[in-house]
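Trainee: First the structure, which I've put down as structure tokens, then a few questions once you've had a look.
Written out as structure tokens, the structure reads:
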């Protein structure tokens, strides 16, 4: 198996023993992103909507670095400390994704890194020009 590590300064650098993404063949596994500003590595100021947008922006930067975009994401996992914020995720997700939407899971969790309220990860399959 040939693994390619994906990294970009346009998304927060890993704050642990992981990579921003790993590409195996045409599949890219995007690590969880929280609402960190990639320049300061601090949680962005603002409400949950601001945090959700920052998470999507971070995921987009990593997807771009891997040679794909949000149309290539086939699975998205959303982790929320407050599931009442899920309608906000849906509203903002519609700004970043178009139909057909990826498969998705939404999970309520007790806590997330740095005390944030949202984290997302995903799986992307890059389009082959011959398909």
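Numbering (this note's numbering), first residue to last: 649 to 779.
Built from N, CA and C at the ideal position, the CB exists for glycine as well.
Nothing here was measured: the structure is a model prediction, and the numbers come from that model.
1) Under three-state DSSP, which class holds residue 757?
2) Jot down the residue ranges of each uninterrupted alpha helix (DSSP H) in the stretch 699-749, minimum 4 residues, whole runs only, in chain order.
3) State the DSSP-derived secondary structure class of residue 696, mapped to helix, strand or coil.
4) Between the Cα of residue 776 and those of 716, 735, 736 and 709, spot the shortest distance and give me the residue it belongs to.
5) According to DSSP, what are the bridge partners of residue 675?
6) Under the rule that 16 or more other beta-carbon atoms within 10 Å means buried, what is residue 757, buried or exposed?
7) Between which two residues does the beta strand (DSSP E) harbouring residue 652 extend?
8) With distances taken Cα to Cα, identify the nearest neighbour of residue 658 among 714, 674 and 698.
9) I need the DSSP call for residue 660, collapsed to helix, strand or coil.
10) For residue 746, is the classification buried or exposed, using 16 other Cβ atoms within 10 angstroms of its Cβ as the cut-off for buried?
11) Let me know the secondary structure DSSP gives residue 763 once reduced to three states.
Mentor: The structure says:
1) In the structure shown, residue 757 sits in coil (DSSP, three-state: anything other than H, G, I, E or B).
2) Within the stretch 699-749, the complete alpha helix (DSSP H) segments of 4 residues or longer fall at 734-744, listed in chain order.
3) Residue state for residue 696 is assigned as helix, using DSSP reduced to three classes.
4) Selected option, being the one with the closest Cα: 716.
5) According to the DSSP secondary-structure assignment, residue 675 is paired through a beta bridge with 672 and 773.
6) That one is exposed.
7) Note, residue 652: beta strand (DSSP E), 651-654.
8) Nearest C-alpha to residue 658 among 714, 674 and 698: 714.
9) Here residue 660 sits in coil by DSSP.
10) So residue 746 counts as exposed.
11) In this structure, residue 763 counts as helix in the three-state DSSP scheme.
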